[in-house]
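Q:
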Amino acid sequence: HKAEGGDGMNFSETTWKKISPWVDSVRVTGGEKSWTSCKAKWHALRKTLELVELLAHGGGGGASGFTWSPEHGANITPADEPAWAAFVKAHPEAEQFRNKGWPFYEKMAALIPHNLKGQRV
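Read in order, the letters of the sequence shown correspond to residues 1 to 121 in full-length UniProt numbering.
#1: Just verifying my parser: in three-state terms, what is the DSSP assignment at GLY101?
#2: Bridge partners for SER69 per DSSP, in chain order?
#3: Would you check if the distance between the CB atom of ASP24 and the CB atom of LYS33 is smaller than 8 Å?
#4: Please report whether the beta-carbon of TRP35 lies at a distance below 8 Å from any beta-carbon of chain C.
#5: Taking only three categories from DSSP, how would you classify HIS43?
#6: From the DSSP output, in three-state form, read off SER12 for me.
#7: With a CB to CB cut of under 6 Å and the five nearest residues on each side skipped, what residues in its chain are close to VAL88?
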């Protein structure tokens with residue numbers, strides 16, 4: 001189904017309806033995996049990728065100033081505290097990556113190209 005997502009890996013409702021029965025069939029825990037829950041999870045993963053990309057590479061053409069690692073996240077030290085506090089104020093969801101990485105970063109980065117514009121991006 002990857003080709004159906006276009007370059008930005010955004011899938012149509014029809015595609016989600018094809019994918020969700022398979023996802024539900026391999027489910028180990030949690031509730032039923034409907035097409036809407038699969039779509040919501042995919043969008044949440046994409047948002048997390050955007051945030052991790054911002055931490056790892058910075059936004060607007062510059063580095064974030066933090067040292068990102070897949071294991072230790074932003075690696076915040078006492079010297080980083082003021083900058084980290086300002087960053088988290090602007091991006092509260094980043095707090096989880098203070099000193100903890102994101103295990104899905106490499107896989108998600110490989111799936112989703114950067115800086116795309118156009119249909120289904």
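We treat Cβ as the ideally placed atom computed from N, Cα and C, and that holds for glycine.
A: The short version:
#1: In the structure shown, GLY101 sits in coil (DSSP, three-state: anything other than H, G, I, E or B).
#2: DSSP output for SER69 lists GLY73 as bridge partner(s).
#3: The answer is yes: Cβ separation under 8 Å.
#4: Any reference to chain C falls outside this structure, which holds one protein chain only.
#5: DSSP places HIS43 in helix when its eight states are reduced to three.
#6: Note: SER12 maps to coil in three-state DSSP.
#7: Once the five neighbours on either side are set aside, the close Cβ partners of VAL88 are ALA94 and GLU95.
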